[in-house]
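One structure below.
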Amino acid sequence: MLNPLTRCVQEYALPPFAQLRPDDYAPALRTAMEELATDLAAMEEDLADPGADISWESVMDRLEIIDDPLDRLWGVVTHMSMVANVPELRTVQAELEPEVLAVQDKRAQSVVIYKAMVALRDSSDWNLLTPEQQ
Numbered sequence: 003m004l005n006p007l008t009r010c011v012q013e014y015a016l017p018p019f020a021q022l023r024p025d026d027y028a029p030a031l032r033t034a035m036e037e038l039a040t041d042l043a044a045m046e047e048d049l050a051d052p053g054a055d056i057s058w059e060s061v062m063d064r065l066e067i068i069d070d071p072l073d074r075l076w077g078v079v080t081h082m083s084m085v086a087n088v089p090e091l092r093t094v095q096a097e098l099e100p101e102v103l104a105v106q107d108k109r110a111q112s113v114v115i116y117k118a119m120v121a122l123r124d125s126s127d128w129n130l131l132t133p134e135q136q
């Protein structure tokens, strides 16, 4: 049976809050962290290629897609820890927070992605982007 948190991320649906159990959180978060790490490595490899396509879609859209599952799941954990503060959930949050932050830090501190963002900013396509995108 698919974890209800994993399913809600895959389906872009709201979490089934009434059905969630404390043991649903860690597996869903670990899966999301593994997927983010794998997808980030692939993105860095693609962007490091000298002939890489540096565009809004290949950099910013792709980052949004990569970040979304973990961001959404971690948001559920932090929300639930505030509204349903039970010891099991506090334990999951305390155990996984360093791992979540490490994955997010790796993404935020990626030199390859930074260089791609600079290249996007310096490209002629920059002027074609909306003010919100810039």
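Count along the sequence shown starting at 1, add 2, and that's the number in my numbering. We put the beta carbon where it would ideally sit given N, CA and C, even for glycine. Since the model is a prediction, treat every value here as computed from it, not as a measurement.
Proximity to residue i [Cα-Cα], best of the options
{"i": "R32", "options": "P17, S57, Q95 and A43", "result": "Q95"}
{"i": "Q12", "options": "Q136, E37 and P24", "result": "E37"}
{"i": "E99", "options": "E46, A39, M35 and S125", "result": "M35"}
{"i": "Y14", "options": "A20, P6 and Q21", "result": "P6"}
{"i": "T40", "options": "Q21, I67, D51 and A20", "result": "I67"}
{"i": "M1", "options": "S125, K117 and N129", "result": "The structure shown does not extend to residue 1, since the chain is modelled only from 3 to 136, so the question has no answer here."}
Residues near residue i in its chain [Cβ-Cβ closer than 8 Å; skip 5 each side]
{"i": "L91", "result": "P24, Y27, V79, M82 and S83"}
{"i": "W58", "result": "L122, D127, L131 and Q135"}
{"i": "R64", "result": "M45"}
CB of residue i within 8 Å of CB of residue j, strictly
{"i": "V120", "j": "L72", "result": "no"}
{"i": "V114", "j": "W76", "result": "no"}
{"i": "T8", "j": "A30", "result": "yes"}
Sequence-distant residues of the same chain with beta carbon closer than 6 Å to residue i, five excluded per side
{"i": "L122", "result": "I56 and V61"}
{"i": "C10", "result": "P17"}
{"i": "A50", "result": "V114"}
Length of the line joining the Cα atoms of residue i and residue j
{"i": "P133", "j": "M3", "result": "44 Å"}
{"i": "A110", "j": "F19", "result": "30 Å"}
{"i": "D48", "j": "A54", "result": "6 Å"}
{"i": "D107", "j": "V88", "result": "28 Å"}
{"i": "V85", "j": "R74", "result": "17 Å"}
{"i": "Q21", "j": "S112", "result": "37 Å"}
{"i": "D124", "j": "D69", "result": "24 Å"}
Range covered by the alpha helix (DSSP H) that runs through residue i
{"i": "M84", "result": "R64 to V85"}
{"i": "T40", "result": "P24 to A50"}
{"i": "A104", "result": "P89 to A110"}
{"i": "I115", "result": "V113 to D124"}
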